[in-house]
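Asks: Dumping the structure here so I can ask a few things about it.
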Amino acid sequence: MTNDAKWAYLAGVTDADGSLYISKYGEATHVHYKPCIFVCGDPLLMSWLQGNIAKGSMQIRENCWGWRIYKKQLISDVLDSIIPFLTTKKQEAVILRGYLDLPSNKWCKHDKEVCYQQLRQLKRNRMKEKWVELSKLSPYQEELFSKEVYHG
Numbered sequence: 086m087t088n089d090a091k092w093a094y095l096a097g098v099t100d101a102d103g104s105l106y107i108s109k110y111g112e113a114t115h116v117h118y119k120p121c122i123f124v125c126g127d128p129l130l131m132s133w134l135q136g137n138i139a140k141g142s143m144q145i146r147e148n149c150w151g152w153r154i155y156k157k158q159l160i161s162d163v164l165d166s167i168i169p170f171l172t173t174k175k176q177e178a179v180i181l182r183g184y185l186d187l188p189s190n191k192w193c194k195h196d197k198e199v200c201y202q203q204l205r206q207l208k209r210n211r212m213k214e215k216w217v218e219l220s221k222l223s224p225y226q227e228e229l230f231s232k233e234v235y236h237g
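See below:
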């Protein structure tokens with residue numbers, strides 16, 4: 086697999102089953118932000134990610150395997166490699182990449198909060214768009230979607 090093919094594949098997996106986000110935690114006077122790339126998939130995908138991208142944090146929850154990276158430099162490197170290939174999550178990736186360029190000091194908390202809020206708003210908007218798309222389903226599609234198969 087060529088280097089471009091590897092990054093294009095990861096971009097596709099991220100678009101479909103991944104998440105680019107910033108966690109926010111702490112007290113109101115002492116807030117921390119933690120950037121992350123998360124991908125959900127089967128054990129074979131997790132093994133490929135560990136061997137071809139980076140040794141990430143692995144977890145298994147309710148039959149879902151997850152791969153997560155938190156290291157800022159690693160996230161920057163991955164984003165720089167997948168942004169050209171992303172489609173649905175390109176805007177999120179650009180915001181997260183901008184966040185990573187901010188200084189790691191306490192003086193840029195406002196800028197970090199702006200990035201955090203921008204990512205949250207993008208995710209909210211995407212969910213609204215999905216529901217609008219679902220409302221345009223034909224009666225047959227609505228029946229299929231409502232079946233238990235699609236709701237786990």
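This note's numbering numbers the first residue of the sequence shown as 86 and each following residue consecutively.
No residue lacks a Cβ here, since even glycine has one placed at the ideal position from N, Cα and C.
Return the chain-ordered list of same chain residues with a C-beta closer than 6 Å to the C-beta of residue 110, the five sequence neighbours on each side being excluded.
Replies: 117
Asks: Just the Cα atoms here: how many angstroms apart are residue 181 and residue 224?
Replies: 39 Å
Asks: Start and end of the beta strand (DSSP E) containing residue 112?
Replies: 103-112
Asks: If you draw a straight line from the alpha carbon of residue 234 to that of residue 192, how long is it in whole angstroms?
Replies: Confidence in residue 234 is poor, its pLDDT being 44 and thus under 50, which makes the residue's placement too unreliable to answer from.
Asks: Going by C-alpha to C-alpha distance, which of 144, 200, 122 sits closest to residue 128?
Replies: 144
Asks: Closest Cβ-Cβ distance between residue 126 and chain D: below 9 Å?
Replies: Here chain D cannot be found, since the structure has a single protein chain.
Asks: Could you tell me which residues DSSP pairs with residue 121 in its beta bridges?
Replies: Paired residues: 106.
Asks: Can you give me the Cβ contacts of residue 160 inside the same chain, cut-off strictly under 8 Å, excluding the 5 residues immediately before and after it?
Replies: Residues 120, 121, 122, 154, 181, 185 of the same chain have their beta carbon placed closer than 8 Å to that of residue 160, with the five preceding and five following residues left out of the count.
Asks: Could you pull the start and end residues of the beta strand (DSSP E) that residue 142 belongs to?
Replies: 142-146
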